[in-house]
Every structure is written in C-alpha cells, then in structure tokens.
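Add 1 to a position in the sequence shown, counting from 1, and you land on the number used in this note's numbering. Below: the structure, in structure tokens.
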Amino acid sequence: MSGAGKAVILGVALLMIVGVGLFAATSAGYLVPPGQQDTARVLVVGTAPDESGTELAAYAFVLDTGTGIITLLDPLRPVTVSGTSARTAREALAFGGGKGVAEALAPQSGDARMPWVILPAALWSAALDEVGGVKVVVPEQFSSYQNGKLVVLEKGAQQISGAEAVVVAGAVDYFQSPDARSTLLNGIAGTVSVLAGEGDWLARMVKSGAAKSSLPAAQVPVVL
Numbered sequence: 002m003s004g005a006g007k008a009v010i011l012g013v014a015l016l017m018i019v020g021v022g023l024f025a026a027t028s029a030g031y032l033v034p035p036g037q038q039d040t041a042r043v044l045v046v047g048t049a050p051d052e053s054g055t056e057l058a059a060y061a062f063v064l065d066t067g068t069g070i071i072t073l074l075d076p077l078r079p080v081t082v083s084g085t086s087a088r089t090a091r092e093a094l095a096f097g098g099g100k101g102v103a104e105a106l107a108p109q110s111g112d113a114r115m116p117w118v119i120l121p122a123a124l125w126s127a128a129l130d131e132v133g134g135v136k137v138v139v140p141e142q143f144s145s146y147q148n149g150k151l152v153v154l155e156k157g158a159q160q161i162s163g164a165e166a167v168v169v170a171g172a173v174d175y176f177q178s179p180d181a182r183s184t185l186l187n188g189i190a191g192t193v194s195v196l197a198g199e200g201d202w203l204a205r206m207v208k209s210g211a212a213k214s215s216l217p218a219a220q221v222p223v224v225l
C-alpha cells in the first residue's frame, strides 16, 4: 500500500476515535469534565420556618450572573416530588435540601442540575434590615406567634423588618388568596434578589459559611 493510502486510513481511524469520544461525552451529558459546566445561572433559595419550626423554601429566584437578569420562581406551585409527601417546591426543602428544591423547581427553571445557594432565614433577614426592611402589601390583618414572639401586621402597604418578613414568608399560607401569597413572597424575594445580585455577595456569604451551596465558594459566580 502506498504512503498516501496509509495516511488516508490513519486519518479515518483518528476521526472515528474522536467521533466515539464526542459521542460518549454527549451521552454522559457534558463535553467538559463534571463540575466545570457553565455556572452563570444560579438558583437562590431563601428559607423560613413554618409555625411548627419546619424549614421551608420561602422563595426562590434564578440569578444570571452574566446578564444580571433575575427570574422569580414560584415555590408554591403544585409539583410531584418523587418519594416524598411534598407537594410543592416549598415543602421539598425538608426532604431533599437544595438538591430537592432544585429538582422540584426544574419545570420553572429549566434545569434540575442548576447550581444552588441556600440563604437561611437569619442571613437574609439581617440583610433586609441593613437596607431598611422591605415594602409589602398585606392583604388583610395578619398575626402569627413564632419563637416566643407575636407578630401582628395591619392591612395595607407598609415597610416591615427582616424578622417580620421571615414570619410572613413562613406563615404565608395564612392568606386564602393564592395571588396574595405570591405577591407577598415576590415582594420579599425581589428585594433579596437585588442584594444577591451585587457583585460577589453570594460568594462571600458561602465562603463565610452563612449560606450553603452546591458549589465551593471559589466557584460561586459573581455578577459582572
């Protein structure tokens, strides 16, 4: 066989090897090693206890750190959480943590494997107090007794503290109207999302241990 013929055969063989490698990588779900996928979009979940003390996913949003775009999600939307009695992403936190919430919110976020950051109630309530609280519209007089403290809010638009926001977020089922619940949670989430969208705030919270994440602190993306 001529040298040219051998070169052609060798070239075809190399192409086949590359093709098989690409197919295997695609079948595994990535073309780069695990952990090195694009992490520009991050799921952020704030927690709050209900009146029994069970931690819930009070609100959630997707932060695109590349564009700064924030997409509010609805943790109250009905969803089936396999292997649990949870019926919403809000309840999924107690069963599967951040991973469970990410999977429950996948129909809204579009990605069950999206990296996540969990903001405990103490963290985001303190952050709200630093900016003067959050403005909400309470649809009807509200009262809830938590942690030895009675919280009473009058009907109407008002500025509430971080601690009051946590109580409202945890006991939002008190309100009969689904629209009222969503409006309250979105108001709280919207203010927190502005804080989370400030540069390396999320990364700093994870690094300090105040927030939990599926990513190491060094891999939590910053807003450009």
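By construction, the Cβ of each residue, glycine as well, lies at the ideal position given by its N, Cα and C atoms.
Output the distance between the C-alpha atoms of glycine 200 and valine 224, rounded to the nearest integer angstrom. 5 Å
By how many angstroms is the C-alpha of alanine 170 removed from the C-alpha of glutamine 147? 12 Å
Taking the DSSP output, what are the residues bridged to tyrosine 146? Leu151
Report the rounded CA-to-CA distance for serine 162 versus lysine 156, giving the unit in angstroms. 16 Å
Just to confirm, is the Cβ distance from alanine 41 to proline 222 under 7 Å? yes
Under the three-state reduction of DSSP, which class applies to leucine 74: helix, strand or coil? strand
Among the residues of its own chain, which have a CB less than 6 Å from the CB of valine 138, if the five just before and after it don't count? Ala158
Is proline 34 helix, strand or coil by DSSP? Unreliable positioning characterises proline 34 in this predicted model, as indicated by a pLDDT of 36, which lies under 50. A coordinate reading is not provided.
Reference aspartate 75; option with closest CA among Ala204, Ser183 and Ala95: For aspartate 75, the nearest C-alpha among the options comes from Ser183.
Nearest by alpha-carbon distance to arginine 52: which of Glu104, Ser83, Asp174 and Asp112 is it? Reading off the sequence, residue 52 comes out as glutamate, not arginine. Scanning Glu104, Ser83, Asp174 and Asp112 for the CA closest to the CA of glutamate 52 turns up Asp174.
What beta strand (DSSP E) runs, 3 residues minimum, are completely inside the region 66-115? 71-74
So what does DSSP say about leucine 216, is it helix, strand or coil? coil
Classify proline 50 as helix, strand or coil using the three-state DSSP reduction. strand
Do glycine 69 and glycine 149 have their C-beta atoms within less than 7 Å of each other? no
According to DSSP, is glycine 163 part of a helix, a strand, or is it coil? helix
For leucine 225, which three-state DSSP category applies? Coil at leucine 225, not helix or strand.
Considering only their Cβ atoms, is the gap separating leucine 120 from alanine 166 smaller than 7 Å? Going by C-beta atoms, alanine 166 is not nearer than 7 Å to leucine 120.
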